[in-house]
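What follows is a set of notes on a single structure, which appears directly below.
Encoded structure:
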């Protein structure tokens, strides 16, 4: 790796330091730092295929962080694979972190173990403090605390990836389930010529996000794992999915919203076309709007909860209870709420006991609507896994097939990189795994 070293150990500055002219020293130092930054930038511009490391000391950093030079310094630093600021003060560490955060608009992470790292930890978006011989100041000023440096691999590669996946999946699922819910209401209003007749009972509307679909989302944000901890450590390239924002891009968010739109259209049109034209029960009566609304709501809960069960990568007992318990609680609620006096239950009065439960068409429609609404996700998932596999999808496949210890597949996956990793933390972890294997 080529090195770009910026310091003030030049003969001209040494002569001025002996003379003791402070103004001349400051002027010459600033010009020297500016010249070295410009020369360094020209080096990696001329050799874009090579990896460069920037090394700058605290004295030079003082001038590089000036308002008229920090933009040029940031451009040089971003063009290098690694940047080392040696002999820097606590204030300079914080200023460098602020410069990177403001100049790139990226999420910054700082790691420190001493009191001189407190400013940097507080300035970064995420601060990791390491407790040790230098005291607890860094830990008390950080967002996350670990006991030793060796825990950093697991913190970033395992818990970092899991946390990123859980949060991104949880938010995308929120968009999906609310898009599905809201658009069924809109379609029903359009179907009734915007007569203000509600599609669902008021309590159905209120409890959708609070009770029936809330626990599965919480369980997703706590327990979901796409791959095991062993795979996260063995294939550190998986960490790049978070760096490149693969799971929380606008494309993915819009995709989930489109999935919700498709689910809403399928639920509404299949329910209305299946129930409207013919008799609903053995008495020959057609389905009234209360029956239609309750049927649509039942299909809606089944679809969004089954979609959750299909989307998660790790199902445990708690998630099963949350997903299927939400659906089961809906039927219990419908029984209890429908048994209340009409003044309280309004349109839901005995709607399940005397209407839905006795009609075979209700159960048949629910079954076929749920299957139909999940088909688009099945098709998308099958096409993606077959023709456009993601990195975590390939890891899931080799784990399912029992090929995680096959040297051929391990080498193939370790070479499949989202971006170049000749240097940096991911390359370090990858090299460590390769040394273990050899």
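In full-length UniProt numbering, the protein residues as written are 1 to 438.
No residue lacks a Cβ here, since even glycine has one placed at the ideal position from N, Cα and C.
Since this is a predicted model, take the numbers as computed values, not measurements.
Selected residue, minimal CA-CA separation from residue i, among the options
i, options, result
"residue 244", "59, 62, 165 and 110", "165"
"residue 261", "177, 340 and 270", "177"
"residue 293", "324, 366 and 308", "366"
"residue 452", "364, 300 and 319", "There is simply no residue 452 to check, as the chain begins at 1 and stops at 438 in what is shown."
"residue 370", "30, 400, 298 and 383", "298"
"residue 86", "301, 56, 246 and 22", "56"
"residue 362", "246, 230 and 290", "290"
"residue 163", "229, 200 and 267", "229"
"residue 170", "237, 242 and 247", "247"
"residue 204", "22, 334 and 343", "334"
7 Å CB neighbourhood of residue i in its chain, flanking five on each side removed
i, result
"residue 108", "97, 100, 101, 124 and 125"
"residue 208", "181"
"residue 338", "345, 348, 349, 350, 351, 352 and 353"
"residue 252", "172"
One or two residues paired with residue i in a DSSP bridge
i, result
"residue 145", "129"
"residue 3", "53"
"residue 111", "128"
"residue 84", "55"
Residues near residue i by beta carbon distance below 8 Å, same chain, minus five either side
i, result
"residue 128", "109, 110, 111, 112, 121, 142, 143, 144, 145, 146, 152 and 155"
"residue 440", "Since the first residue shown for the chain is 1 and the last is 438, residue 440 is missing from the structure and cannot be characterised."
"residue 84", "53, 54, 55 and 56"
"residue 316", "223"
Beta-carbon gap between residue i and residue j smaller than 7 Å
i, j, result
"residue 28", "residue 6", "no"
"residue 4", "residue 40", "yes"
"residue 1", "residue 46", "no"
"residue 395", "residue 211", "no"
"residue 215", "residue 328", "no"
"residue 119", "residue 74", "no"
"residue 184", "residue 264", "yes"
"residue 139", "residue 232", "no"
"residue 330", "residue 301", "yes"
Nearest-angstrom Cα separation, counted from residue j out to residue i
i, j, result
"residue 60", "residue 218", "49 Å"
"residue 392", "residue 349", "48 Å"
"residue 417", "residue 82", "Reliability of the predicted coordinates at residue 417 is poor, the pLDDT of 49 falling under 50, and the value obtained from them is presented with this limitation in mind. One C-alpha to the other measures close to 19 Å."
"residue 312", "residue 374", "14 Å"
"residue 54", "residue 77", "7 Å"
"residue 379", "residue 324", "24 Å"
"residue 135", "residue 114", "7 Å"
"residue 9", "residue 65", "19 Å"
"residue 186", "residue 90", "56 Å"
"residue 197", "residue 249", "38 Å"
"residue 307", "residue 131", "43 Å"
"residue 305", "residue 174", "12 Å"
"residue 88", "residue 95", "11 Å"
"residue 67", "residue 194", "59 Å"
"residue 179", "residue 276", "24 Å"
"residue 259", "residue 105", "30 Å"
Close Cβ partners of residue i (< 6 Å) along its chain, the five nearest in sequence each way excluded
i, result
"residue 44", "52 and 79"
"residue 137", "115 and 118"
"residue 72", "37"
"residue 440", "Only positions 1 to 438 of the chain appear in the structure, and residue 440 is not among them; the question remains open."
"residue 314", "224 and 225"
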